[in-house]
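There are 4 protein chains.
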Amino acid sequence: MKQYRVLIDCSDKKGLVYKVSKLFFELELNILSNHEYVDSDNNKFFMRTVVEGNIEESKLTLALQTELDDDVNIQIVSPVKKNIVLMVTKESHCLGDILIRYEAGELDANIIGVVSNYDLLQPLVEKFDIPYFCVSHVDLNREEHEAKVLECLAQFKDIDYIVLAKYMRILTPTFVEAYNKKLINIHHSFLPSFIGANPYKQAHERGVKLIGATAHFVTNDLDEGPIISQDVINVNHDHSWRDMQRSGRDVEKITLSRALKLALEDRIFVEGNKTIIF
Amino acid sequence: MKQYRVLIDCSDKKGLVYKVSKLFFELELNILSNHEYVDSDNNKFFMRTVVEGNIEESKLTLALQTELDDDVNIQIVSPVKKNIVLMVTKESHCLGDILIRYEAGELDANIIGVVSNYDLLQPLVEKFDIPYFCVSHVDLNREEHEAKVLECLAQFKDIDYIVLAKYMRILTPTFVEAYNKKLINIHHSFLPSFIGANPYKQAHERGVKLIGATAHFVTNDLDEGPIISQDVINVNHDHSWRDMQRSGRDVEKITLSRALKLALEDRIFVEGNKTIIF
Amino acid sequence: MKQYRVLIDCSDKKGLVYKVSKLFFELELNILSNHEYVDSDNNKFFMRTVVEGNIEESKLTLALQTELDDDVNIQIVSPVKKNIVLMVTKESHCLGDILIRYEAGELDANIIGVVSNYDLLQPLVEKFDIPYFCVSHVDLNREEHEAKVLECLAQFKDIDYIVLAKYMRILTPTFVEAYNKKLINIHHSFLPSFIGANPYKQAHERGVKLIGATAHFVTNDLDEGPIISQDVINVNHDHSWRDMQRSGRDVEKITLSRALKLALEDRIFVEGNKTIIF
Amino acid sequence: MKQYRVLIDCSDKKGLVYKVSKLFFELELNILSNHEYVDSDNNKFFMRTVVEGNIEESKLTLALQTELDDDVNIQIVSPVKKNIVLMVTKESHCLGDILIRYEAGELDANIIGVVSNYDLLQPLVEKFDIPYFCVSHVDLNREEHEAKVLECLAQFKDIDYIVLAKYMRILTPTFVEAYNKKLINIHHSFLPSFIGANPYKQAHERGVKLIGATAHFVTNDLDEGPIISQDVINVNHDHSWRDMQRSGRDVEKITLSRALKLALEDRIFVEGNKTIIF
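Chains as they are written, first to last, in this note's numbering: chain Y, 1 to 278; chain X, 279 to 556; chain Z, 557 to 834; chain V, 835 to 1112.
Written as structure tokens, this is what we have:
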């Protein structure tokens, strides 16, 4: 018995569920779980079904392509480990959270490398026998540095996701383009509040009573991009911005790991600047 | 165009989604939203679909009954206002929350009456032109009192839900039986913590750091019954049990109103001692 | 035995707690609760002490003024009901939440009037025997309308707080000046996100996974002003902006009522654009 | 300049704050932060003050002992790193969370050893150059095993706290006595719900909509003991108990680390079965 995640999105029209479920029935596939969503504002249909049965992936793909119209996006994914690269700068809390999950076998992923613009986190990463690549930005302009990072990343053939686990440098459109829909970032604020540098200082100055974190796909606009998950934590007047930063780290790491889990389980559709999450 | 909520639950078997979606397709119904869940532990299937089209309710019912096996539970509900009765004792926060929503037209329900064992809340209820029935328990034993309450309720022909909005008396099996699956209660603790009398005193004595509330269907076991919604709020050592009670009231009323909304939208399936909520 | 809330704020210097507690000791006052905070960034000291004893308010005031330097702000408050005015537009959820608490005797306040630019909520308010003043803005410019509102408010001699319980008009500096530090507003977003008009539409477009509400004192900058309390609630792709608005209302009303309670208990200090809350 | 945390608790009586603040004033100590709480039910007074100045610890202690009555508990703590031992069984999430914080220098503690009844987590711990002691329970009864654990712990002279970071064995009164008020446990439920074995299975069966975790000091009653911190997370019908366990792990580790931080900063007073936390 094989298991597949079938992801379908297209313009909404009558009979889509019928056609797909008919096919699954005829192919004698068990439906383990099924989620649908119709975005009636934009007339879009989204479906994620987990099926089980005796069928080759290529045959299932062909059957779906034959049954459905040309303008339907079909993705069939086997639940195998995905390849991920982590990018970090100096802080270890998000990285560490992912490493501990990895070590425990909790993550459906192979961490094929960690890339950083500093060597600070090399000792931590190497404890877990994961290759660490320090690509320093010193004496380089943004384009030169990114070219070197891209070169470093080029050695990995199949990267499913690049997780920016507190990578504190802004990416150029070239980079974002190269890994379109594969870049997951954690921003240390409850977006769209406090875009840009040092959100905790901004939050402290504004006197907010909650601080948050946002995991999102990266697009070309700074701290924009489709939001995957968000969470917040209470703070009060007694918190310095350093205290907020410290408390915020727990929210950041949990929020990022939650987003990563959703991505690894193929639960996220992106439509425009939003996500549909099943 | 008419709209229907189609609720189906049965033993899980292959082809259920196919059969149902085929029928909807053939009847030219639009699927506005669709949720399914397979409880693989108990081999049960649940489905809630909102459809739109030109068809009489009786015809749709017949079509579904013909298409599906005899052991399938089918409910077809038109989204009309349901009839609800509120039962209260002395506290007004849950009652008041429902009344304000009612007045604003936010509630898909007709409040056909409020029943209480005290007359304390009569002035509040009558401000909203809702009939208030005081059925005092003084000098009556539990059975006698309940008989009178049941008599009072008997005047209402079609009660969809009875909301125990801080009705502080224990119901007998006779009562629960009479309104099976129609009794929604708010318990002022995060069940299963602090079952029974004065949960806030119990919580205060235990020194908890969070207090909660639980909305649930009523069964014959005290504070048991399928949970619909729960929420919590932070407390600390500085809170007396009275403070906890005060803070807790906000959680109670929001939790109960949320559960009521789910019930009025036919989003709740009950299976054994659990709920499936779409 | 009398009870007083003693509120002190000033530049921080050594011996403040000593001087104040010495005085309380000599005056044979019991300290029921005591909170202090030193803002070391700005070298400011804040203290709220609840004391109990046999002393006249004037005598206590004099004693504190004698003991402490001239630049120390001293407020001595007897825990009596404060006078509040509510201002509303068309939505009833925040207003209703306050009215129900009022009716239950839960609020340490007299609601001396409700002012609105519409007559829509008049029937609800009058159920509770509270005077309602409709000051329509139709055919008036902002200044003219506000002049009429100010005229209406002028009839109340002692207003402790004006609660903007979804009053949907922007106030001019004249108005804000007239009721400086007495204006509590509820903004229907998690500030500083989504400043300005229709935050729920903005939130929906941005695809956030949490929505929130912010209660704050009003200053001249739109949706700025010291934040008193904030809260959030989960949303997902399935929520239309109308759904977000509906869910958001619960957060708004609880957040506003919480802020009002803090104000009525004299627990809030304002320093610059921030609050210190004990 | 030296910094001290002064912790005082005793029966409440007039003039305590006065006496202590007078002393601080005369000793020319700056008060950096000050928290007090009077438990009027039990007539108890608690105070935590952080002071700064030029004074030896012994001199400060003597001064306080001279000034205050004999029945007053005085603790003066220098903010140095505390010695902690971790105890674990097979799960790594709480352990890993603490190790990553430790590696980042975020923890005011020396982890002097990790003790386990399995060797499973030895590789992880040794990555961080921390001694690991496997004390297997195989073929031993509870008393024999504990004797060996106590023997193992005896090699460490000054243990400030033992953190039971998912140590899945019940401790005997002998053990609890030996490390009274030094044992911090994480229980994988929102206590007092689901005491005992496999709380997630219990929670799943009960059909709760929130699951939680509780960090508490260990006393002789199973899963009793003063609660330090608690948190919860949403779950729904779609979660198997395994899913609940997975989600719950995040709550467990954050809740335990938060409790540990409070303990390391000497912010917790224990009174009876409760904590006062400043």
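Where is the CB? At the ideal position from N, CA and C, for every residue including glycine. Since this is a predicted model, take the numbers as computed values, not measurements.
- Cβ-Cβ separation, residue 750 (chain Z) to residue 190 (chain Y) (assumed contact under 8 Å), whole Å: The Cβ separation is near 11 Å, so there is no contact.
- Using a Cβ-Cβ cut-off of less than 7 Å, give me the residues of the segment 1041-1074 of chain V that come near chain X, in sequence order. Within the segment 1041-1074 of chain V, contact with chain X at the beta-carbon level (separation under 7 Å) is assigned to 1041, 1042, 1043, 1044, 1060, 1061, 1063, 1064, 1066, 1070, 1071 and 1072.
- Start and end residues, beta strand (DSSP E) containing residue 287 (chain X): Per DSSP, residue 287 (chain X) belongs to the beta strand (DSSP E) from 280-289.
- Message: Quick check on the DSSP output: the beta strand (DSSP E) that includes residue 248 (chain Y) runs from which residue to which?
- Response: No beta strand (DSSP E) holds residue 248 (chain Y); the alpha helix (DSSP H) holding it covers 241-264.
- Given residue 342 (chain X), which residues of its chain have a CB within under 6 Å of its CB, disregarding the five upstream and five downstream residues? 352, listed in sequence order.
- Query: How about residue 193 (chain Y): is its C-beta nearer than 8 Å to some C-beta of chain Z?
  - Reply: Residue 193 (chain Y) counts as touching chain Z.
- Counting only beta-carbon atoms, is residue 829 (chain Z) nearer than 8 Å to chain Y? With 8 Å as the cut-off, residue 829 (chain Z) counts as an interface residue toward chain Y.
- Task: In the DSSP assignment, find the unbroken alpha helix (DSSP H) run with residue 97 (chain Y) in it and report its ends.
- Result: Looking at the DSSP string, the run of the alpha helix (DSSP H) that includes residue 97 (chain Y) is 93-103.
- Message: Suppose the cutoff is 7 Å on Cβ atoms and the five residues either side in sequence are ignored; what does the same chain contact list for residue 1070 (chain V) look like?
- Response: Scanning its chain for C-beta atoms nearer than 7 Å, with the 5 sequence neighbours on each side dropped, one finds around residue 1070 (chain V) the residues 1043, in chain order.
- Task: Use the C-beta contact count for residue 28 (chain Y): other C-beta atoms within 10 angstroms, 16 or more gives buried, fewer gives exposed.
- Result: Residue 28 (chain Y) should be labelled exposed.
- Task: Keeping to the same chain, check which residues put their C-beta closer than 7 Å to that of residue 840 (chain Z); ignore five residues upstream and five downstream.
- Result: Limits of chain Z in this structure are 557 at one end and 834 at the other, which puts residue 840 (chain Z) out of reach.
- Item | Proximity test, Cβ basis, 8 Å: residue 67 (chain Y) and chain X | Not closer than 8 Å to any Cβ of chain X, the Cβ of residue 67 (chain Y) fails to qualify, so no.
- Item | Segments assigned alpha helix (DSSP H), at least 4 residues, entirely inside the segment 937-975 of chain V | Segments of the alpha helix (DSSP H) lying fully in the segment 937-975 of chain V: 956-961.
- Query: Near residue 324 (chain X), which residues of its chain fall below 6 Å by C-beta distance, leaving aside the five closest residues on each side in sequence?
  - Reply: If we look at residue 324 (chain X) and ignore the five residues flanking it on each side, its Cβ neighbours are 287, 315, 547 and 554.
- Query: Checking contacts by CB at 8 Å: is residue 927 (chain V) closer than that to chain Y?
  - Reply: By the rule that beta-carbons nearer than 8 Å mark a contact, residue 927 (chain V) touches chain Y.
- Query: In whole angstroms, what is the alpha-carbon distance linking residue 768 (chain Z) and residue 779 (chain Z)?
  - Reply: Between the alpha carbons of residue 768 (chain Z) and residue 779 (chain Z) lies a gap of roughly 14 Å.
- Query: Of all the CB atoms in chain Z, is at least one closer than 8 Å to the CB of residue 856 (chain V)?
  - Reply: Judged by the 8 Å Cβ criterion, residue 856 (chain V) is in contact with chain Z.
- Task: Could you tell me whether any Cβ in chain X is nearer than 8 Å to the Cβ of residue 784 (chain V)?
- Result: Chain V is shown only over 835 to 1112; residue 784 (chain V) falls outside these bounds and no answer can be derived.
- Task: From the DSSP output, read off the bridge partner residues of residue 881 (chain V).
- Result: The partner list for residue 881 (chain V) (beta bridge, DSSP) reads V:842 and V:870.
- Message: Residues of chain Y with CB closer than 8 Å to the CB of residue 296 (chain X), please, in chain order.
- Response: Those within 8 Å of residue 296 (chain X) in chain Y are 18, 21, 22, 24 and 25.
- Query: Does any C-beta atom of chain X lie closer than 8 Å to the C-beta of residue 871 (chain V)?
  - Reply: Chain X contact via Cβ: present.
- Task: Could you check which residue in Y:84, Y:254 and Y:3 has the C-alpha nearest to that of residue 60 (chain Y)?
- Result: Of the listed residues, the one whose Cα sits closest to residue 60 (chain Y) is Y:3.
- Among Y:227, Y:19 and Y:273, nearest to residue 255 (chain Y) - alpha-carbon criterion: Nearest Cα to residue 255 (chain Y) within the set Y:227, Y:19 and Y:273: Y:227.
- Step through the CB atoms of chain V and report whether any lies within less than 8 Å of the CB of residue 104 (chain Y). Yes, residue 104 (chain Y) counts as interfacial toward chain V.
- Determine whether the Cβ of residue 555 (chain X) lies closer than 8 Å to any Cβ atom of chain V. The Cβ of residue 555 (chain X) sits closer than 8 Å to at least one Cβ of chain V.
- Nearest residue (CA-CA) to residue 485 (chain X), options V:1030, V:1009, V:1040 and V:1106: Of the listed residues, the one whose Cα sits closest to residue 485 (chain X) is V:1106.
- Which chain X residues sit within Cβ distance under 8 Å of residue 32 (chain Y)? Within 8 Å Cβ-Cβ: 316 and 318.
- Message: Below 8 Å, how does it come out for the segment 573-581 of chain Z and the segment 419-435 of chain X: are there three or more Cβ pairs, yes or no?
- Response: Judged by pairs of C-beta atoms under 8 Å, the segment 573-581 of chain Z does not touch the segment 419-435 of chain X, as fewer than three such pairs exist.
- Under 7 Å by beta carbon: chain X residues contacting residue 638 (chain Z): Ordered by position in chain X, no residue passes the 7 Å Cβ test against residue 638 (chain Z), which lies about 18 Å from the chain.
- Query: Between the C-alpha atoms of residue 888 (chain V) and residue 582 (chain Z), what's the straight-line distance to the nearest angstrom?
  - Reply: Distance between the alpha carbons of residue 888 (chain V) and residue 582 (chain Z) is about 30 Å.
- Message: Going residue by residue through the segment 416-480 of chain X, where are the continuous alpha helix (DSSP H) segments of at least 4 residues, counting only ones entirely within it?
- Response: With a minimum length of 4 residues, the continuous alpha helix (DSSP H) runs that stay inside the segment 416-480 of chain X are 420-432 and 451-456.
- Message: Can you tell me whether residue 1020 (chain V) is buried or exposed? The criterion is at least 16 other CB atoms within 10 Å of its CB, across all chains shown.
- Response: Label assigned to residue 1020 (chain V): buried.
- Item | For residue 521 (chain X) and residue 655 (chain Z), the rounded distance between their alpha carbons | Rounded to whole angstroms, residue 655 (chain Z) to residue 521 (chain X) spans 20 Å at the Cα level.
- Starting from residue 250 (chain Y), find everything on chain V with Cβ-Cβ shorter than 7 Å and list it in chain order. Correct list: 1088.
- Item | Residue burial classification, residue 736 (chain Z) (beta-carbon count within 10 angstroms, cutoff 16) | By the 10 Å Cβ count, residue 736 (chain Z) comes out exposed.
- Residues in the segment 958-977 of chain V with C-beta within 8 Å of chain Y's C-beta atoms, listed in sequence order? Residues 958, 961 and 962.
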